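J.:
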Amino acid sequence: MTTKSLSLFDPVLLRPALVDALRKLDPRVQWRNPVMFVVYVGSAFTTALWLQALIGTGEAPAWFIGATTVWLWFTVLFANFAEALAEGRSKAQAAALRATKKMILAKKLREPRFGADWESVPGTDLRRGDVVLVEAGDMIPADGEVIEGAASVNESAITGESAPVIRESGGDFSAVTGGTTVLSDWIVVRVTANPGETFVDRMIALVEGAKRQKTPNEIALTILLVALTLIFLLATVTLLPYSLFAVATAGAGSPVTVTALVALLVCLIPTTIGALLSAIGIAGMSRMLGANVIATSGRAVEAAGDVDVLLLDKTGTITLGNRQAAAFLPVAGVTEQELADAAQLASLADETPEGRSVVVLAKQRFNLRERDIHALGATFVPFSAQTRMSGVNLGDRQIRKGAMEAIRMHVEANGGHFPGDAIQAAEEVSRRGSTPLVVADGARVLGVIELKDIVKGGIRERFAELRRMGIKTVMITGDNRLTAAAIAAEAGVDDFLAEATPEDKLKLIRQYQAEGRLVAMTGDGTNDAPALAQADVAVAMHSGTQAAKEAGNMVDLDSNPTKLLEVVAVGKQMLMTRGALTTFSIANDLAKYFAIIPALFVAIYPQLDALNVMGLASPMSAILSAVIFNALIIVVLIPLALKGIAYRPQGAGVVLRRNLAIYGLGGIIVPFLGIKLIDLGLTALGLV
């Protein structure tokens, strides 16, 4: 999916965000954030006190109450602005998605087969179960499954990838998305979604935040913030009668004002994280979309940050996926050139990457030129799941290459003997992590071709990073144990599951979950659906089947299996950002305590002036400086909340120490400096 990259404070985002910030002043909206609702009520209360002061009956100078009120309202507005800005970025992404939805005429078939009569109907009239014909140049009218045919499809409108992909019936690449275009051939598609329920519709709703629900960690943190707010509220309420009692007892001084108490409450409750909490969650989903991954909920993004077990397919994730011929290993009595010659003949019509690599290797090693299979009068024997081998018939010669057991059965069926050195060579190839292909000419075994699946560069280092973070990596493969063990050792994964079946994957996930661990995996096929549904974080490939996409809680538009590593990084970044800003928010209360508490009671107890460690000009300046800092720090931290703190692959203990050192200590020091600077500014302007 391609979207315009907008800077954080781009005017396109700023203007709507400012308008939305004002709209969110609706009490029904403010109530959803209990911490900021307290600030909202306090702002309304001081507004009434200011109006009262204007008519000459105020508890404090009207200018002081008015200035405090203005900055309290700014605190609410800045919190609204942070959330609106995060939502605005998501809405910009949703607008790009909405642009892919067009009015499409569909060729609805009266019978579910190619060649049947069809009628032209609007795509919006299609319902689940309808069958449509899509030919070259047509746009696919709705999400569906290919039930007949194969075609090249341009999915750039969704994935952003210009290279066309093949969609065909009966495999793991049968799902198609409405709004994409067929470039060649034709397909018959059964519609799998009603209007408003399509993949694009769901993405639009999700990225706009229309269905965003608070995650478990977010709910727990909200409860903690509400509890702290209630504690500070009760403590603040008791200060008024206490000050009245103190004045009466001392016979001097003046009681604290309600305006000052409201200012104290707003400064002491965790307004910083309360203002930014929602924006952090929305931004996490937005960053995931920026990685071309659609998360079905914020819960999925958060779970990605808590994952401690990754299940990774070998092919295409850990290895490059295309096995290449690396060596010819002849049996006794056969030369390497003779084996290469037969292997090349058996592969002339084999268009798979493996088959082409055999032809190329024979040419490179022995200068064996490609021969025309038709000129030789040869008949190509294609690979099938039943025989598990392929080859060529040249007159009476039957040259075959395939799995060891398949060739053994073929040789023995022709009255031949399978030699022990061929078995030994095949086992040695498997131990090296490669795949053995045995070559036979009739009843005579010629030797073994070594097919090597190359481990991706840098993957070992990435697994080492995950290990340092406390994440266990498990490779899933259909290979035998010898091959799996060799590749697992080369790649540096912690464990592997060989000869994996869908049942094995499901059992393994449940086993880890029973140990209290969170599991993430990727998949694209219908056979992956049970395991995807069971996993805590399930990334389905967009190129995969509809069943896989419905089972997962994330969809990778790039269909890149290694994206799982990036998904985990984005999830952890969101959790680290939330933790860092929570630490900062709670820590910066200390400075505001030293600013306001002495200012409140210095008139009654002059000795408290010793606590004025910042040397603030006056009690009113101290209170107003703290309120202004409390509002401005939200604006300063908005970019950090939306972009996320810098992600580093470190363990939980290291991250905690780093947060305490930077955001805990910073949360104490920065307010002291900020409040003092604001106080100096107010004094220089003659406002206090």
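Letter 307 of the sequence shown, counting from 1, is numbered 307 in UniProt numbering, and no numbers are missing.
All C-beta atoms, glycine included, are put in the ideal place defined by N, C-alpha and C.
Bear in mind that the values here come from a model prediction, so they are computed numbers and not experimental data.
So, are the CB atoms of residue 552 and residue 659 less than 8 Å apart?
T.: Counting from 1 along the sequence shown, the entry for residue 552 is found at position 552. Counting from 1 along the sequence shown, the entry for residue 659 is found at position 659. No; because the gap between Cβ atoms is not below 8 Å, this pair is not in contact.
J.: Spatial neighbours of residue 326 within its chain, please: CB distance less than 6 Å, with the 5 preceding and 5 following residues excluded, ordered by chain position.
T.: Here residue 326 refers to the residue found at position 326 of the sequence shown. Cβ neighbours of residue 326 beyond the five flanking positions: 450, 452.
J.: By the three-class DSSP mapping on this structure, what secondary structure does residue 60 have?
T.: The count along the sequence shown starts at 1 and reaches residue 60 at position 60. If DSSP states are grouped into helix, strand and coil, residue 60 belongs with coil.
J.: Could you give the C-beta distance for residue 224 and residue 269, rounded to a whole number, given that I count them as a contact under 8 Å?
T.: In the sequence shown, the residue the question calls residue 224 occupies position 224. In the sequence shown, the residue the question calls residue 269 occupies position 269. With 8 Å as the limit, residue 224 and residue 269 do not qualify as a contact, their Cβ atoms being about 12 Å apart.
J.: Assuming residue 516 and residue 548 form a contact by the criterion Cβ under 8 Å, report the distance between their Cβ atoms to the nearest whole angstrom.
T.: As a first step, residue 516 must be located in the sequence shown, where it is residue number 516. As a first step, residue 548 must be located in the sequence shown, where it is residue number 548. In fact, because the Cβ distance is near 27 Å, the residues do not count as touching under 8 Å.
J.: If you scan the segment 177-251 from start to end, which runs of the beta strand (DSSP E) of 3 or more residues do you find wholly inside it?
T.: Runs of the beta strand (DSSP E) inside the segment 177-251: 181-191.
J.: Going along the chain, which unbroken runs of the beta strand (DSSP E) with 3 or more residues stay wholly within the segment 345-401?
T.: Correct list: 379-381, 389-394.
J.: Count the other CB atoms, across all protein chains shown, that sit within 10 Å of the CB of residue 184; report buried if there are 16 or more and exposed otherwise.
T.: Counting from one through the sequence shown, the residue named residue 184 turns up at place 184. The residue in question, residue 184, is exposed, as its Cβ has fewer than 16 Cβ neighbours within 10 Å.
J.: If residue 71 and residue 631 are in contact, beta carbons under 8 Å, what's the gap, nearest whole angstrom?
T.: If you number the sequence shown from 1, residue 71 lands on position 71. If you number the sequence shown from 1, residue 631 lands on position 631. Yes, they are in contact, since the Cβ atoms of residue 71 and residue 631 sit about 5 Å apart, within 8 Å.
J.: So is residue 690 buried or exposed if we call it buried at 16+ other beta carbons inside 10 Å?
T.: The shown model of the chain, from 1 to 688, leaves out residue 690, and the question about it has no answer.
J.: Between residue 186 and residue 116, how many whole angstroms is the CB-CB distance? I'm expecting something under 8 Å.
T.: Stepping through the sequence shown from its first residue, residue 186 is reached at position 186. Stepping through the sequence shown from its first residue, residue 116 is reached at position 116. Actually they do not touch by this definition, with Cβ atoms about 13 Å apart.
J.: Identify every residue that forms a DSSP beta bridge with residue 144.
T.: As a first step, residue 144 is located in the sequence shown; it is residue number 144 there, counting from the start. Looking at the DSSP assignment, residue 144 forms a beta bridge with 176, 191.
J.: If you run the structure through DSSP and keep just helix, strand and coil, what is residue 154?
T.: By one-based count along the sequence shown, residue 154 stands at place 154. Note: residue 154 maps to strand in three-state DSSP.
J.: Considering only C-alpha positions, which residue in the set 522, 499, 406, 457 is nearest to residue 490?
T.: Stepping through the sequence shown from its first residue, residue 490 is reached at position 490. The residue with the shortest Cα to Cα distance from residue 490 is 457.
J.: Which of the three DSSP states is assigned to residue 314 in this structure?
T.: In the sequence shown, residue 314 corresponds to position 314, counting from 1. If DSSP states are grouped into helix, strand and coil, residue 314 belongs with coil.
J.: Can the beta-carbon of residue 380 be found less than 8 Å from the beta-carbon of residue 340?
T.: As a first step, residue 380 must be located in the sequence shown, where it is residue number 380. As a first step, residue 340 must be located in the sequence shown, where it is residue number 340. No, these two residues do not count as a Cβ contact at 8 Å.
J.: Would you kindly report the start and end of the unbroken alpha helix (DSSP H) that includes residue 30?
T.: Walking along the sequence shown from the start, residue 30 turns up at place 30. 27-30 is the span of the alpha helix (DSSP H), which, as asked, contains residue 30.
J.: Who are the near neighbours of residue 40 in its chain, counting only those whose CB is closer than 6 Å to its CB and skipping five residues on each side?
T.: As a first step, residue 40 must be located in the sequence shown, where it is residue number 40. Contacts found: 30, 76.
J.: Which value, in whole angstroms, describes the spacing of the CA atoms of residue 350 and residue 356?
T.: Taking the first residue of the sequence shown as 1, we reach residue 350 at position 350. Taking the first residue of the sequence shown as 1, we reach residue 356 at position 356. If you take the alpha carbons of residue 350 and residue 356, they lie about 7 Å apart.
J.: Distance, Cα to Cα, residue 686 vs residue 48?
T.: Taking the first residue of the sequence shown as position 1, residue 686 is located at position 686. Taking the first residue of the sequence shown as position 1, residue 48 is located at position 48. Straight-line Cα distance between these residues: approximately 26 Å.
J.: For residue 401 and residue 409, which I take to be in contact (beta-carbon distance under 8 Å), what is that distance rounded to the nearest angstrom?
T.: What you label residue 401 is simply residue 401 of the sequence shown in a count that begins at 1. What you label residue 409 is simply residue 409 of the sequence shown in a count that begins at 1. In fact, because the Cβ distance is near 14 Å, the residues do not count as touching under 8 Å.
J.: How many Å lie between residue 673 and residue 621 at the Cα?
T.: Position 673 of the sequence shown, counting from 1, holds the residue named residue 673. Position 621 of the sequence shown, counting from 1, holds the residue named residue 621. Roughly 15 Å separates the two Cα atoms.
J.: Taking a contact to mean a Cβ-Cβ separation below 8 Å, would you say residue 192 touches residue 127 in this structure?
T.: Along the sequence shown, one-based indexing puts residue 192 at 192. Along the sequence shown, one-based indexing puts residue 127 at 127. Not in contact: residue 192 and residue 127 (Cβ atoms no closer than 8 Å).
J.: Pick out the complete beta strand (DSSP E) segments inside the segment 517-573, 3 residues or longer, and give them in chain order.
T.: Fully enclosed beta strand (DSSP E) runs of 3 or longer: 519-523, 537-541, 554-556.
J.: Where residue 376 and residue 346 are concerned, what is the direct C-alpha to C-alpha distance, given to the nearest angstrom?
T.: Looking up residue 376 in the sequence shown gives position 376. Looking up residue 346 in the sequence shown gives position 346. One C-alpha to the other measures close to 12 Å.
J.: Measure the beta-carbon distance from residue 298 to residue 215 and round it to whole angstroms, keeping in mind my assumption that it falls under 8 Å.
T.: Position 298 of the sequence shown, counted from the start, is the residue given in the question as residue 298. Position 215 of the sequence shown, counted from the start, is the residue given in the question as residue 215. Indeed, because the Cβ distance is near 5 Å, the residues count as touching under 8 Å.
J.: Measuring straight from C-alpha to C-alpha, what distance separates residue 616 and residue 62?
T.: By 1-based counting over the sequence shown, the position of residue 616 is 616. By 1-based counting over the sequence shown, the position of residue 62 is 62. Roughly 21 Å separates the two Cα atoms.
J.: Which residue comes first and which comes last in the beta strand (DSSP E) that contains residue 167?
T.: The residue you call residue 167 lines up with position 167 of the sequence shown. Taken as a continuous stretch (DSSP letters only), the beta strand (DSSP E) holding residue 167 covers 165-168.
J.: Pull up the CB-CB distance for residue 132 and residue 141, whole angstroms please, since I reckon it's below 8 Å.
T.: As a first step, residue 132 is located in the sequence shown; it is residue number 132 there, counting from the start. As a first step, residue 141 is located in the sequence shown; it is residue number 141 there, counting from the start. Right, the Cβ-Cβ distance comes to about 6 Å (below 8 Å), so this counts as a contact.
J.: Within 10 Å of its beta-carbon, does residue 125 have 16 or more other beta-carbons around it, so buried, or fewer, so exposed?
T.: Residue mapping note: residue 125 aligns to position 125 of the sequence shown, counting from 1. Exposed, by the Cβ-count rule.
J.: DSSP three-state call for residue 52: helix, strand or coil?
T.: For the purposes of this step, residue 52 is taken as residue 52 along the sequence shown, with counting starting at 1. Reduced to three states, the DSSP call for residue 52 is helix.
J.: So does the segment 434-448 actually touch the segment 327-337, counting three or more Cβ pairs closer than 8 Å?
T.: Yes, since at least three Cβ pairs between the segment 434-448 and the segment 327-337 fall closer than 8 Å, the two stretches touch.
J.: Can you name the start and end residues of the alpha helix (DSSP H) that residue 436 belongs to?
T.: Here residue 436 refers to the residue found at position 436 of the sequence shown. Per DSSP, residue 436 belongs to no alpha helix (DSSP H); it is in the beta strand (DSSP E), 435-441.
J.: Return yes when the C-beta of residue 412 is under 7 Å from any heavy atom of the ligand MG, and no when it is not.
T.: The model on display carries no ligand, and the ligand MG is accordingly not part of it.
J.: Please return the same chain residues whose Cβ sits closer than 7 Å to the Cβ of residue 506, not counting the five positions on each side in sequence.
T.: Reading the sequence shown from its first residue, position 506 is the one you call residue 506. If we look at residue 506 and ignore the five residues flanking it on each side, its Cβ neighbours are 530, 531, 534.
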